[in-house]
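Read the structure below first, then the notes.
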Amino acid sequence: MIIWLVLLPFAGGVLAFALARWGRVIGLLTTAGTFAVGLIFSAQIWQNGPQRYLVGGWSVPLGINFFADGLSAVMLLITGGIGTIISLYSISYFAPTARKGEWSENDTFWPLWLFLVGGLNALFLSADVFNVYVTLEVVTLAAIGLAALAGNAAALTASLRYLFAALIGSMAYLMGVALLYASYGLLDFQALQQVVQTDAPTVLALSLMTVGLLLKTALFPLHFWLPPAHSTAPAPVSAALSGLVVKGSFYITLRLWFETFYGQIHFSAGQLLGALGTAAILWGSFQAVRQKRLKLLIAYSTVGQIGYLFLLFPIITATTSRDVVAAWAWSGGLFQAISHALAKTSMFLSAGVLLKAVGTDEIKSMRGIAGHLPLTTFALALAGISLIGLPPSGGFVAKWLMMKAIIGSGQWWWIPVVTLGGLLTAGYVFLMLRYTFLPQEANHPFKPVSPVMQGTAFALAVGAVVIGFRAKELITLLNIGMGFPEVPVLENPGL
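Here the numbering used here is used: the first residue of the sequence shown is 231, the next is one more, and so on.
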């Protein structure tokens, strides 16, 4: 079962490339099929616990291994579910090829998109640090190709900047892997956990790998490549980059810090990542408030929301065991990643709908669009509610758990960060919605937009709110195999 999560999207990518005119059908069937396999596989993990698959039958340390626990299962479900929605949206977004023999934006999108999904699934299943490097490169190459899809000067410049940043991040990560292998002769996450020490080569290895991953995650001040790349790409690509791709490198950072090196990392290192997360929250949110273009506002919002993910690092590294405070931080940080993936994907897809209707993503040009596209406007509002952290959304559950962890750990200095970040988020969400309710300009008619595009964006926004009511099940799945105690959550958040 586990191998199909990787083989299916890669095979679909090859078919979409070879049979370009059928790319849309292949893409939708492949992502939907991958999601179905992910659901079945996650049910197996729920019932039986973590699973390991030996590729070729060779065990550690000789063979390639796939490993999945609750965290892997959740990331696979998010990738499969959002991936299917993006595929459905993209069928209407990209125009089919006009004439036989031509290679269009539509033909290029589908193989790259399926390779991206396959790379992410392989990343979430990889059990050793070198296979992670390989899968990161697959994801990066596909993502850069997708970011350049528009083909204009701005998109190509942004993609080139993304490429340079990704190469530097990859080299840093690979040098860290080489140092680890030279020191221990092992690459498997769990095998390394048994032998790693805090000597200078190991500390340097972890530092290099972390810096490389933070660059790919776009944590402040390594975020410079993200806003132009996300804002100039087509809407489905922007949604995938923000909702899924940046979560891949964050996932590996979690594995390194809280699995392989857990208990070996100094308190000050966690505080440093928390400080960078704070800077990301404040700077990204402040820049979002200043933007005049909708997609650029949403891109800077991603910079800010990524910062929340790194507030779990100072709390967990300060604990001596996987106690309830660490469990609150772990659950809150991961719930933030899930709710952000749903809300931000919805926002970028909604921005694509508005761009199709208005012809530009200038916020001031959105006057009166709420009356023409009420469902899309409602989707933006629901996604914004989750980003702000208002009940009963998934964002509220994430921030509630995070605040409990902050208070429980005694690290009160993070409380103003979460509070001020929420206020700034409310500011740019209000800015984003304000013009949609103003009277429409008489000389600016709106174009019709596919109901499928509107419906898919709305479905994800609803999902970002509904997961707040299913927090208990999600957190239980997240903790399978991680050793954190069960934490109480709100059964009916906000009610």
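C-beta atoms are modelled at their ideal positions from N, C-alpha and C, and glycine is treated no differently.
1) Would you report the Cα separation of Val441 and Ser479, rounded to the nearest angstrom?
2) Please go through the region 368-420 and give each complete alpha helix (DSSP H) segment of 4 or more residues, from N-terminal end onward.
3) Check for me: the alpha helix (DSSP H) holding Ala246 runs from which residue to which?
4) Among the residues of its own chain, which have a CB less than 7 Å from the CB of Leu344, if the five just before and after it don't count?
5) Give me the residue from Trp560, Val659 and Gln566 with the minimum Cα distance to Ala529.
6) For Glu592, list the residues DSSP reports as bridge partners.
7) Just the C-alpha distance for Gln424 and Ser498, rounded to the nearest angstrom, thanks.
8) At the level of alpha carbons, what is the spacing between Gly640 and Gln566?
9) Would Thr428 pass as a contact of Gln501 if the rule is Cβ separation under 9 Å?
10) Do you know how far the Cα of Thr314 is from the Cα of Gly381?
11) Using 8 Å as the cut-off, can you tell me whether the region 398-415 makes contact with the region 465-473, which would need three or more C-beta pairs spanning the two stretches below that distance?
12) Give, in chain order, every unbroken run of the alpha helix (DSSP H) that is at least 4 residues long and sits entirely within the region 562-645.
13) Which same chain residues, not among the five before or five after Val364, have their C-beta less than 7 Å away from its C-beta?
14) Give the secondary structure of Gln423 by DSSP, where H, G and I count as helix, E and B as strand, and everything else as coil.
15) Are there 16 or more other CB atoms within 10 angstroms of the CB of Leu653, so buried, or fewer, so exposed?
16) Give me, in chain order, the residues of the same chain whose beta-carbon lies closer than 8 Å to that of Val554; leave out the 5 immediate sequence neighbours on both sides.
17) Tell me whether the beta-carbon of Pro457 lies closer than 9 Å to the beta-carbon of Val533.
18) Hey, could you find the ends of the beta strand (DSSP E) Gln670 is sitting in?
19) Threshold first: 4 residues or longer. Then list the alpha helix (DSSP H) segments lying entirely within the region 496-520, N to C.
20) Give a single yes or no on whether Gly310 has its beta carbon closer than 8 Å to a heavy atom of the ligand SAH.
21) Tell me the DSSP secondary structure of Leu725 in three-state form.
22) Assess contact between the region 534-548 and the region 670-687, defined as three or more Cβ pairs (one per stretch) separated by less than 8 Å. Is contact present?
23) Quick one: what's got a C-beta closer than 7 Å to Gly268's C-beta in the same chain, skipping five residues either side?
24) State buried or exposed for Lys446, treating a residue as buried only when at least 16 other CB atoms are found within 10 Å of its CB.
25) Going by other Cβ atoms of all chains shown within 10 Å of its Cβ, with 16 needed for buried, is Ala298 buried or exposed?
26) DSSP puts Asp358 in a beta bridge; with which residues?
27) Rounded to whole angstroms, what's the CA-CA distance from Ser595 to Gly300? Just pull it up for me.
28) Drop a sphere of 10 angstroms on the beta-carbon of Gln277, count the other beta-carbons inside from all chains shown, and report buried for 16 or more, exposed for fewer.
29) Here's the rule I'm using: 16 or more other beta-carbon atoms within 10 Å means buried, otherwise exposed. How should Met231 be labelled?
30) I'd like to know if the region 389-396 and the region 430-439 are in contact, where contact means that at least 3 CB-CB pairs between them fall below 8 Å.
31) Kindly list the residues whose CB is nearer than 8 Å to the CB of Ala248, restricted to its own chain and excluding five residues on each side of it in sequence; keep chain order.
32) Based on the DSSP secondary-structure assignment, which residues constitute the bridge partners of Asn295?
33) Suppose you measure from the CA of Glu489 to the CA of Gln684; what does that come to, to the nearest Å?
34) Give the C-beta separation of Ala303 and Ser322 to the nearest angstrom, bearing in mind that I take them to be a contact with Cβ-Cβ under 8 Å.
35) Give me the residue from Val692, Pro280, Leu707 and Ala383 with the minimum Cα distance to Ala557.
36) With Tyr665 as the anchor, note down where its alpha helix (DSSP H) starts and where it stops.
For this structure:
1) Numbered from 1 along the sequence shown, position 211 holds the residue referred to as residue 441. Numbered from 1 along the sequence shown, position 249 holds the residue referred to as residue 479. Taking the straight line from one Cα to the other gives about 11 Å.
2) 383-414
3) Here residue 246 refers to the residue found at position 16 of the sequence shown. First-last of the alpha helix (DSSP H) with Ala246: Trp234 to Ala248.
4) Stepping through the sequence shown from its first residue, residue 344 is reached at position 114. Same-chain partners within the cutoff: Pro239, Gly242, Gly243, Ala246, Gly257 and Thr260.
5) Position 299 of the sequence shown, counted from the first residue, corresponds to residue 529. Comparing Cα positions, the closest option is Val659.
6) Here the question's residue 592 lines up with position 362 in the sequence shown. Arg523.
7) Here residue 424 refers to the residue found at position 194 of the sequence shown. Here residue 498 refers to the residue found at position 268 of the sequence shown. Distance between the alpha carbons of Gln424 and Ser498 is about 23 Å.
8) For this step, residue 640 is matched to residue 410 along the sequence shown. For this step, residue 566 is matched to residue 336 along the sequence shown. Each residue's Cα considered, the two are about 21 Å apart.
9) In the sequence shown, the residue the question calls residue 428 occupies position 198. In the sequence shown, the residue the question calls residue 501 occupies position 271. In this structure, Gln501 does not lie closer than 9 Å to Thr428 by Cβ.
10) Translated into the one-based positions of the sequence shown, residue 381 becomes position 151. Translated into the one-based positions of the sequence shown, residue 314 becomes position 84. Whole-angstrom Cα-Cα distance: 25 Å.
11) no
12) 599-602, 604-618 and 624-639
13) Along the sequence shown, one-based indexing puts residue 364 at 134. Excluding sequence neighbours, Val364 sits near nothing in its chain.
14) As a working note, residue 423 is residue 193 in the sequence shown. In the structure shown, Gln423 sits in a helix (DSSP, three-state: H, G or I).
15) Counting from 1 along the sequence shown, the entry for residue 653 is found at position 423. Flag for Leu653 reads exposed.
16) Along the sequence shown, read from residue 1 onward, the residue named residue 554 stands at position 324. The residues are Gly638, Pro715 and Val717.
17) The residue you call residue 457 lines up with position 227 of the sequence shown. The residue you call residue 533 lines up with position 303 of the sequence shown. Cβ atoms of Pro457 and Val533: closer than 9 Å.
18) For the purposes of this step, residue 670 is taken as the residue at position 440 of the sequence shown. Run containing Gln670: none; DSSP gives neither H nor E here.
19) The region 496-520 contains these whole alpha helix (DSSP H) runs: 497-520.
20) Absence of the ligand SAH from the depicted structure is noted, as is the absence of any ligand whatsoever, leaving it without description.
21) As a first step, residue 725 must be located in the sequence shown, where it is residue number 495. Since pLDDT at Leu725 reaches only 44, below the 50 mark, its modelled position is unreliable, and the value read off the structure follows with that caveat. DSSP places Leu725 in coil when its eight states are reduced to three.
22) no
23) What you label residue 268 is simply residue 38 of the sequence shown in a count that begins at 1. Leu235, Leu306, Leu307 and Gly310, listed in sequence order.
24) Working through the sequence shown from its first residue, we reach residue 446 at position 216. The residue is buried, with at least 16 neighbouring Cβ atoms inside 10 Å.
25) For the purposes of this step, residue 298 is identified with residue 68 of the sequence shown, where counting begins at 1. Classification for Ala298: buried.
26) Counted from its first residue, the sequence shown places residue 358 at position 128. Per DSSP, Asp418.
27) Here residue 595 refers to the residue found at position 365 when the sequence shown is read from its first residue. Here residue 300 refers to the residue found at position 70 when the sequence shown is read from its first residue. Whole-angstrom Cα-Cα distance: 44 Å.
28) Walking along the sequence shown from the start, residue 277 turns up at place 47. With a threshold of 16 other beta carbon atoms within 10 Å, Gln277 falls short and is exposed.
29) Taking the sequence shown and counting its residues from 1, the one referred to as residue 231 is at position 1. Classification for Met231: exposed.
30) no
31) Numbered from its first residue, the sequence shown carries residue 248 at position 18. Within the same chain, Ala248 has no close Cβ partners at all.
32) By 1-based counting over the sequence shown, the position of residue 295 is 65. Partner(s): Leu284.
33) Within the sequence shown, residue 489 is the residue found at index 259, counting from 1. Within the sequence shown, residue 684 is the residue found at index 454, counting from 1. If you take the alpha carbons of Glu489 and Gln684, they lie about 41 Å apart.
34) Counting from 1 along the sequence shown, the entry for residue 303 is found at position 73. Counting from 1 along the sequence shown, the entry for residue 322 is found at position 92. In fact, because the Cβ distance is near 30 Å, the residues do not count as touching under 8 Å.
35) Walking along the sequence shown from the start, residue 557 turns up at place 327. Cα-wise, what sits closest to Ala557 is Leu707.
36) Taking the sequence shown and counting its residues from 1, one reaches residue 665 at position 435. Segment: none, Tyr665 is in no alpha helix (DSSP H) and carries neither H nor E.
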